[in-house]
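K.L.:
Here it is, the structure in full.
In our numbering, the protein residues as written are 81 to 627.
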């Protein structure tokens, strides 16, 4: 697999197989020997591998990590918002996300819901086909099943956090008309299914050491299942279970992971699948890069890149960016400063385009560079920041020969070791027994942030000397913070722009005191409404409190 998973029309084949296998009318007396069925297609390991590969491809789609998931999470939190240019994203209704005015007819949430269940369908299909493939060795069968189970759990993890518990639970694909319209799941059923899938996946998958640097690099591993299980327990405040799972990652039981020396290596295309990475969504320039509006299809030529850098990075028209989303003044202000007001946390400059920060090199300016010092002259308003994380530092596209650069090939790190350290610290701070103290793990992250990074842009202070972030104990003393306040600060600056902030605010129960938008209603706006198309199609589904 190496860097990217290529999906070329696999889902169309799955649908075709499902259709033919369900045709059992009495008048079909003569079998067509040329018909594609589950019985005559999946005859060897390579063919079963194709359907397992298809489960990954839903992650790339525009409805998820291709674009919409970023806006749907970022723009409802306090770390990002839409810009005046976001009207260009009207086809997916992203302004509604920021305004907390998201009707059940919003196109963006329908695409979110649709792609999540597209991934669940594919996972179910892969599990069924793999279980029925008697020719597979036990080891291969376990790996295939483990990958599909992990991915199904990941899709359900997003679905329950985005849409609540009133969503359908499919643990196998419909085999009759009666199965097509399931009722809303019972309270607790989705979380129980996620836990069950991850525990089973964990028992079947390989450790990362067996596949790192091979053609299978990037597939789900035992460490990925363990990290997502730790997060699922954390979100349910099952502190000890979460601590037990994250401890297995920290102590190396489920594979070798560690912090990278360079924080920024977790957000560029140069150091993908590094020692810190636990699970990534793979992107590439394969297909037709400009076909971004068809990225939810299975067209062979559809782009396999992500629109994150295009829509949420450098300001409008620099590097031909749309700049539909910007980081907020609040996240910029969260980074620690010295007594003179100078930012001393290098993660600020590795995460944001901001004053005194990194420079962006733009070919449109004929080799000139655009940086934060020029933003005011270019119409950049005070308090308006871009995301440098998951961005290139330069305009890497040859517009004269390839047209406008609409996509990025930077893999998105869904789970990484730094996040696991934060999860373990939080579980300990809430009474769980774990490895050392909560402060120990926060200090690991702060010490990494202080590293001198010679590969960074030379004018940035941390390219020339060590940083001087204090220990978390010193920070707590200076600020008068307790460990919970220190943890929340560290998650905010360490994980900024990685699509966890909204989920964090929601699970901590502090949305009401954090979200300042006057349209926000904590009783209804912590989830999205079930899409109206789904309610119209399935009368057995209940609306949720946001409908």
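Even for Gly, the Cβ is constructed at its ideal location relative to N, Cα and C.
Out of curiosity, what's the CA-to-CA distance linking residue 129 and residue 605?
P.N.:
The straight-line gap from Cα to Cα measures roughly 40 Å.
K.L.:
Taking just the CA atoms, how far does residue 490 sit from residue 293?
P.N.:
So the alpha carbons of these two residues sit roughly 18 Å apart.
K.L.:
On a Cα-Cα basis, can you pick out the residue from 156, 313, 532, 278 that is closest to residue 592?
P.N.:
Of 156, 313, 532, 278, the residue nearest in Cα terms is 156.
K.L.:
Does residue 516 pass the burial test, meaning 16 or more other C-beta atoms within 10 Å, or should it be called exposed?
P.N.:
Answer is exposed; the Cβ neighbour count stays below 16.
K.L.:
Decide if residue 295 is buried, meaning its Cβ has at least 16 other Cβ atoms within 10 Å, or exposed.
P.N.:
So residue 295 counts as exposed.
K.L.:
Considering just the uninterrupted stretch of the alpha helix (DSSP H) at residue 207, what are its terminal residues?
P.N.:
Where residue 207 is concerned, the enclosing alpha helix (DSSP H) stretches over 187 to 212.
K.L.:
Tell me the residue span of the alpha helix (DSSP H) that contains residue 494.
P.N.:
No alpha helix (DSSP H) contains residue 494, which is instead part of the beta strand (DSSP E) from 492 to 496.
K.L.:
With 16 as the cutoff for other CB atoms within 10 Å, does residue 539 come out buried or exposed?
P.N.:
Flag for residue 539 reads exposed.
K.L.:
Look at the alpha carbon of residue 366 and the alpha carbon of residue 172, and state the distance between them as a whole number of angstroms.
P.N.:
One C-alpha to the other measures close to 24 Å.
K.L.:
Considering only the alpha carbon of each residue, which of 621, 613, 472, 511 lies closest to residue 186?
P.N.:
Residue 186 has its Cα closest to that of 613, out of 621, 613, 472, 511.
K.L.:
With 8 Å set as the bound, which would you pick, yes or no: does the beta-carbon of residue 533 sit closer than that to a beta-carbon of chain B?
P.N.:
The question asks about chain B, but that chain is absent: this structure has only one protein chain.
K.L.:
Would you tell me roughly how many angstroms separate the C-alpha atoms of residue 417 and residue 202, rounded to the nearest one?
P.N.:
Between residue 417 and residue 202, the C-alpha separation is close to 48 Å.
K.L.:
Under a Cβ-count criterion, where at least 16 other Cβ atoms within 10 Å of its own Cβ denotes burial, should residue 551 be classed as buried or exposed?
P.N.:
Answer is exposed; the Cβ neighbour count stays below 16.
K.L.:
With distance defined between alpha-carbon atoms, name the residue in 349, 353, 577 nearest to residue 337.
P.N.:
Nearest of 349, 353, 577 to residue 337, Cα basis: 353.
K.L.:
Please list the terminal residues of the continuous beta strand (DSSP E) segment that includes residue 568.
P.N.:
Counting along the chain, residue 568 falls outside any beta strand (DSSP E), though it belongs to the alpha helix (DSSP H) covering 563 to 574.
K.L.:
Taking only the alpha-carbon atoms, compute the straight-line gap between residue 608 and residue 626 and give it to the nearest angstrom.
P.N.:
Each residue's alpha carbon lies about 6 Å from the other.
K.L.:
Measure the CB-CB distance between residue 309 and residue 506 and report whether it falls below 8 Å.
P.N.:
Not closer than 8 Å, so no.
K.L.:
Along the chain, where does the beta strand (DSSP E) that runs through residue 360 open and close?
P.N.:
Its beta strand (DSSP E) spans residues 357 to 361.
K.L.:
Flag this pair as yes or no: are the beta carbons of residue 488 and residue 577 separated by less than 8 Å?
P.N.:
No, Cβ-Cβ distance for residue 488 and residue 577 is not below 8 Å.
K.L.:
With 16 as the cutoff for other CB atoms within 10 Å, does residue 624 come out buried or exposed?
P.N.:
Buried, by the Cβ-count rule.
K.L.:
Could you check which residue in 502, 466, 497, 441 has the C-alpha nearest to that of residue 475?
P.N.:
Of 502, 466, 497, 441, the residue nearest in Cα terms is 441.
K.L.:
If distances are taken between C-alpha atoms only, which option among 284, 393, 208, 619 comes closest to residue 630?
P.N.:
For the chain, the structure presents residues 81 to 627; residue 630 sits outside this window and is missing.
K.L.:
Grouping DSSP H, G and I as helix and E and B as strand, with all else coil, what is residue 616?
P.N.:
If DSSP states are grouped into helix, strand and coil, residue 616 belongs with the helices.
K.L.:
For residue 432, which residues does DSSP report across the bridge?
P.N.:
Partner(s): 467.
K.L.:
Out of curiosity, what's the CA-to-CA distance linking residue 619 and residue 197?
P.N.:
Those two C-alpha atoms are separated by around 18 Å.
K.L.:
Which stretch, first to last residue, makes up the beta strand (DSSP E) that contains residue 439?
P.N.:
Its beta strand (DSSP E) spans residues 439 to 441.
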